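Below: one structure, written as structure tokens.
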Amino acid sequence: MAAPIDAAVTAVTRRNATRAKANPLGVGSKQAVSRASQRGRAQAQASRTDANRKGVAKTNLKLPSGSTNPSSRPKVNTAAIEQSLPKPRQAQRSIVAVGLSPDDLARLSAQGFRTELRTKGTIANVVRLVAPRGMSLAQAQRAVRVVDAAAATDFDHFYYTDEGPSCTGPGCEAVSLVGWKPPSPDQCGPLPAIGLIDTGIDREHEALRGQPIEVLPSPRARGTPSKPDHGTAVAALLSGRSGSSAPGLLPGAKILAVDAFYRDGGTADRTDVTSLVLALEALADRNVRVVNMSLSGPPNEVLKNAIASAQAKGMIIVAAAGNNGAGAEPSYPAAYPGVIAVTAVNRQLDVYNRATRGEYVDLAAPGVDLWVAAPGGGGTTRSGTSYAVPFVSAAAAVLRASNATLDASSLEAVLENGTLDLGKPGRDTTFGYGLLQTASLCQPDQDELTIRSASGLKHEAP
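Quick note on numbering: numbering that gives the first Met the number 0 labels position 192 of the sequence shown as 191, and the sequence is numbered without any gaps.
Below you can see the structure in the form of structure tokens.
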């Protein structure tokens with residue numbers, strides 16, 4: 000048995016010889032060396048010598064002086080590497096659909112599909128199917144469409160919070176560029192509840208303790224619980240207690256939150272189509288009219304269907320424009336019709352350098368180097384289009400308080416008409432209509448209610 004083992008060791012050491020010159024720290028070679036015989040090590044040395052003769056460049060990296068202990072070698076930051084890798088776009092074997100009948104499901108079951116989840120609600124009845132083994136997602140989607148071409152069918156896409164890296168340099172103060180003044184009930188009327196679809200929330204944080212935040216039952220169907228970092232930050236931006244370490248825009252506002260996220264097995268929180276539809280359903284059941292979605296992902300027919308159904312019930316959805324950069328594809332749900340898409344700017348009124356651009360961008364709001372609540376207490380600075388969304392959600396809630404008859408398109412038009420124009424004159428793909436301004440939200444002029452919407456149409460005052 001020795002010969003095959005030695006041959007295998009030789010093959011491994013030959014394959015890694017070139018890597019050893021580029022990586023003298025020996026990452027990945029420890030196991031092979033421990034298994035190598037004296038003969039294998041001699042052959043490995045011969046391979047390295049041969050590699051040097053062939054011109055493999057040496058590096059100047061060295062272990063600490065006098066150190067031969069592998070434990071003293073620098074450790075690979077696997078978490079940082081993982082964060083830099085592209086995140087998966089969809090579940091590996093799942094198809095989601097709206098509009099499949101029991102007969103359709105029976106036919107698909109006969110083909111080897113398994114029904115993993117079925118929902119029933121007023122927004123969308125979603126079915127999540129697991130494809131038969133050996134069948135690609137594209138093949139599975141085609142098979143479902145053959146059974147019922149009228150059903151909305153798509154992959155089970157993932158959606159992520161739109162949070163950028165933390166701010167560690169100078170000038171990381173909280174910013175307020177929109178002229179915000181917390182409204183009083185006698186001035187604007189009672190605020191409506193604000194829906195929040197996000198990660199978990201630390202309700203014991205001093206900014207949120209005792210605040211009227213209700214966490215609705217989670218629709219999570221897979222994965223371990225999300226971390227509360229993102230949800231805590233967004234919730235406190237909306238309604239953090241005055242005088243706390245992270246005061247919010249609408250202290251004391253009622254928040255109905257749904258934790259639709261779960262850990263992706265690594266360093267990120269993510270959600271999926273089914274979880275988002277269930278979250279919208281839960282908020283619709285409570286008659287929520289303003290919903291904050293500080294998240295983004297790819298287009299999806301099932302999610303598009305659910306968003307349209309929620310909007311038909313009077314729901315105003317505010318979403319992050321995305322953090323994928325200027326040349327990226329549009330982010331969803333922000334790019335769906337009627338959704339208010341929000342980008343982020345810094346205190347110099349420059350757009351966030353990671354923000355996604357596009358025709359779908361509606362408004363800009365502060366979202367760079369913002370001071371936000373951190374789980375466990377206190378706060379930290381964060382950037383991302385996620386953190387710009389609460390400014391617009393809060394403004395939408397105030398407008399609804401001052402005029403409950405405003406429909407979604409008229410409300411959006413009021414917000415867009417009062418902006419500070421940034422970038423090119425008029426609407427552009429970077430800032431949309433411009434920076435949100437909130438000085439006169441409680442009493443918009445009647446003339447403002449007969450103005451253009453994002454589509455350019457007029458909307459008469461109700």
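Virtual Cβ for every residue (Gly too), placed ideally from N, Cα, C.
Since the structure is predicted, the reported quantities are computational estimates derived from the model, not experimental observations.
If we ignore side chains and look at the alpha-carbon of each, how far apart do residue i and residue j end up?
i, j, result
"R106", "R141", "14 Å"
"A245", "A372", "5 Å"
"Q223", "L440", "Correcting the residue identity first, residue 223 is Thr in this sequence and not Gln. When rounded, the distance between both Cα atoms is 41 Å."
"A400", "G188", "5 Å"
"R262", "E358", "32 Å"
"W179", "N323", "28 Å"
"P329", "I212", "32 Å"
"V272", "A438", "37 Å"
"A235", "L195", "11 Å"
"V129", "Q310", "29 Å"
"A334", "A340", "7 Å"
"L369", "P87", "28 Å"
"A395", "M314", "11 Å"
Got a sec? Which residues, its chain only, sit under 7 Å from residue i by beta carbon, not counting five neighbours each side?
i, result
"P332", "M292, L302, I306, I316, A318 and V338"
"V214", "I200, A256 and D258"
"E392", "It should be pointed out that residue 392 corresponds to Ser in this sequence rather than to Glu. Counting only Cβ-Cβ distances below 7 Å, and skipping sequence neighbours, we find I193, L237, V289, N291 and V317."
"R356", "A325, T428 and T429"
"S241", "P250"
"D161", "S293, L294, S295, A319, G321, N322, G383, T384 and S385"
"G239", "A206, L207, A245, P246, G247, P250 and A372"
"P469", "Residue 469 lies beyond the residue range present for the chain, which begins at 0 and ends at 461; the question has no answer from this structure."
From which residue to which residue does the alpha helix (DSSP H) around residue i run?
i, result
"H229", "D228 to S238"
"I306", "E300 to A311"
"S408", "A407 to N416"
"L277", "V272 to D284"
DSSP state of residue i, grouped into three classes?
i, result
"I200", "coil"
"F390", "helix"
"P329", "coil"
"D153", "strand"
"R132", "coil"
"A105", "helix"
"D361", "coil"
"T118", "coil"
"V95", "strand"
"L255", "strand"
"Q347", "coil"
"S225", "coil"
"S244", "coil"
"A90", "strand"
"E447", "At E447 the pLDDT is 43, less than 50, meaning the model places this residue with poor confidence; the figure from the coordinates comes in the next sentence. Correct three-state label for E447: helix."
"V146", "helix"
Would you give the residue range spanned by the beta strand (DSSP E) that residue i belongs to?
i, result
"E213", "I212 to L215"
"A318", "I315 to A319"
"T379", "G378 to R381"
"W370", "L369 to A372"
Only counting the same chain, and skipping five residues up and downstream in sequence, which positions put a Cβ closer than 6 Å to that of residue i?
i, result
"R144", "T152"
"G230", "D197, T198, G199 and I200"
"Q186", "C441"
In chain order, what residues of the same chain lie with their CB nearer than 8 Å to the CB of residue i, ignoring the 5 residues before and after it?
i, result
"G376", "H204, E205 and S244"
"V344", "L176, V350, Y351, A363, A364, P365, G366, V367, A387, L421, F430 and L434"
For residue i, which of the options has the nearest alpha-carbon?
i, options, result
"V125", "D228, G251, L279 and I212", "L279"
"L362", "T380, Y432 and P374", "Y432"
"S274", "T198, Q110, E415 and D161", "T198"
"T462", "Q110, K253, V276 and G209", "Since the first residue shown for the chain is 0 and the last is 461, residue 462 is missing from the structure and cannot be characterised."
"L116", "L421, T429 and I94", "I94"
"M134", "R113, V289, D147 and V341", "R113"
"T404", "F390, V391 and R288", "R288"
"L190", "L104, K253, R353 and L369", "K253"
Would you say the beta carbon of residue i is closer than 8 Å to some non-hydrogen atom of the ligand HEM?
i, result
"A354", "Of the ligands one can find in the structure shown there are none, so the ligand HEM has no counterpart to examine."
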